[in-house]
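S.K.:
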Amino acid sequence: MALEKAVITNMDTNDEIEVMFNPKEYVVEKKTPWSEINVFGLDSPPVQFTMGERKRLSMELFFDTSEEKTDVRDFTNKVETLMLVNAQEHRPPILRFSWGSLSFDCVLEDLVQRFTLFANDGTPLRAICKVVFKEYATAATQLSNTRRESADHTKRMALREGETLSALSAREYNDSRKWRVIADANNIDDPENLEAGTIVELPPLY
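Those letters in the sequence shown? Residues 1 to 206, by this note's numbering.
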């Protein structure tokens with residue numbers, strides 16, 4: 001039984017590109033960056049989560065037209081078009097990479113084409129395309145899939161450079177007006193003149 005072919009679907013047009021040969025392997029990468037907070041006098045600065053990064057799906061796609069003696073770019077150009085700006089949407093297309101149980105909504109972030117075999121007249125007959133797809137999801141989709149709750153326990157945090165209590169309240173409580181709760185809990189009389197790295201407690205909201 002033949003192995004199911006991987007397919008790249010242009011979600012804007014519903015056009016499909018079936019890969020010539022399935023990749024030998026693929027790599028899924030996910031990073032969760034933590035930023036260091038500059039606090040004077042510490043050997044190891046504390047780290048604070050900012051926001052996550054999208055997943056990346058990378059692989060090599062192989063193309064070969066050496067038997068037909070035709071230009072392999074007839075196939076690789078189809079992949080390259082997935083990086084071109086859609087005149088109506090004013091952006092490159094949204095894609096879906098599908099292979100068996102893998103379904104990955106994405107955009108094509110990086111493409112490297114390497115041509116390795118040529119006809120006598122220089123026509124490329126074989127190519128390896130290294131592709132990197134970046135996960136795509138709208139903000140509305142992410143928010144609907146993520147359970148977000150107000151703080152229900154006390155936390156200690158360091159103020160970022162230029163951050164106000166109002167901004168901290170908006171970030172942690174989803175309500176900038178709760179800054180006074182933070183100020184009262186930390187006996188802060190002058191919330192407008194706080195230095196970056198100041199440690200404050202965020203009390204629970206009831």
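A virtual CB, placed ideally from N, CA and C, is assigned to each residue, including glycine.
The model shown is predicted, which means the values in this text are computed figures rather than measured ones.
1) Where are the alpha helix (DSSP H) runs, 4 residues long or more, that stay fully inside the segment 64-105, in chain order?
2) Is the number of C-beta pairs between the segment 123-133 and the segment 51-67 that are closer than 8 Å three or more?
3) Could you check what DSSP says for A6 in three-state terms: helix, strand or coil?
4) So what's K178 in DSSP terms, helix, strand or just coil?
5) Considering only heavy atoms of the ligand COA, does any lie closer than 7 Å to the CB of V27?
6) So what does DSSP say about R147, is it helix, strand or coil?
7) At what residue ranges does the segment 15-69 contain a whole run of the alpha helix (DSSP H), taking only runs of 4 or more?
8) Is the CB of N120 under 8 Å away from at least one CB in chain D?
9) Assign L205 to one of three DSSP states: helix, strand, or coil.
10) Candidates E201, R171, N187: which alpha carbon is nearest T154's?
11) Counting pairs of beta carbons, one from the segment 99-119 and one from the segment 157-177, are three or more of them closer than 8 Å?
12) If I follow the unbroken beta strand (DSSP E) through A127, where does it start and stop?
13) How long is the line joining the alpha carbons of N193 and N174, rounded to whole angstroms?
14) So the candidates are I17, P46, D190, K178; which of them puts its Cα closest to the Cα of D74?
15) Using 8 Å as the cut-off, can you tell me whether the segment 97-110 makes contact with the segment 48-58, which would need three or more C-beta pairs spanning the two stretches below that distance?
16) Could you say if the segment 131-138 and the segment 95-108 meet the contact criterion of at least three C-beta pairs nearer than 8 Å?
17) How big is the Cα-Cα spacing for T70 and H90?
18) Answer with buried or exposed for L168, where buried requires no fewer than 16 other C-beta atoms within 10 angstroms of its C-beta.
M.R.: So, from the data block:
1) Entirely contained in the segment 64-105, the alpha helix (DSSP H) runs reaching 4 residues are, in chain order, 73-80.
2) Enough Cβ pairs lie closer than 8 Å, so yes.
3) For the purposes of this step, residue 6 is taken as residue 6 along the sequence shown, with counting starting at 1. Coil, per DSSP.
4) As a first step, residue 178 is located in the sequence shown; it is residue number 178 there, counting from the start. Three-state DSSP puts K178 in a helix.
5) The ligand COA is absent from the structure shown, which contains no ligand whatsoever.
6) The residue given as residue 147 occupies position 147 in the sequence shown. Caution is warranted here: a pLDDT of 49 is assigned to R147, below 50, making its placement in the model unreliable, and no coordinate value can be reported.
7) Listed in chain order, there is nothing to give.
8) The chain inventory of the structure shown lacks chain D, comprising one protein chain alone.
9) As a working mapping, residue 205 is identified with position 205 in the sequence shown. The answer is coil: DSSP assigns L205 none of H, G, I, E or B.
10) Walking along the sequence shown from the start, residue 154 turns up at place 154. Per the Cα distances, E201.
11) When C-beta atoms of the segment 99-119 are compared with those of the segment 157-177, fewer than three pairs fall below 8 Å, so the two segments do not count as touching.
12) By 1-based counting over the sequence shown, the position of residue 127 is 127. A127 -> beta strand (DSSP E) spans 124-135.
13) Translated into positions along the sequence shown, residue 193 becomes position 193. Translated into positions along the sequence shown, residue 174 becomes position 174. Going by the C-alpha atoms only, they are around 22 Å apart.
14) The residue labelled residue 74 in the question sits at position 74 within the sequence shown. Between D74 and the set I17, P46, D190, K178, the nearest pair of CA atoms involves I17.
15) Yes, the segment 97-110 is in contact with the segment 48-58.
16) Enough Cβ pairs lie closer than 8 Å, so yes.
17) Start at 1 with the first residue of the sequence shown, and residue 70 comes out as number 70. Start at 1 with the first residue of the sequence shown, and residue 90 comes out as number 90. Note on geometry: alpha-carbon atoms of T70 and H90 lie some 33 Å from one another.
18) In the sequence shown, the residue the question calls residue 168 occupies position 168. Buried, since its Cβ has 16 or more Cβ neighbours within 10 Å.
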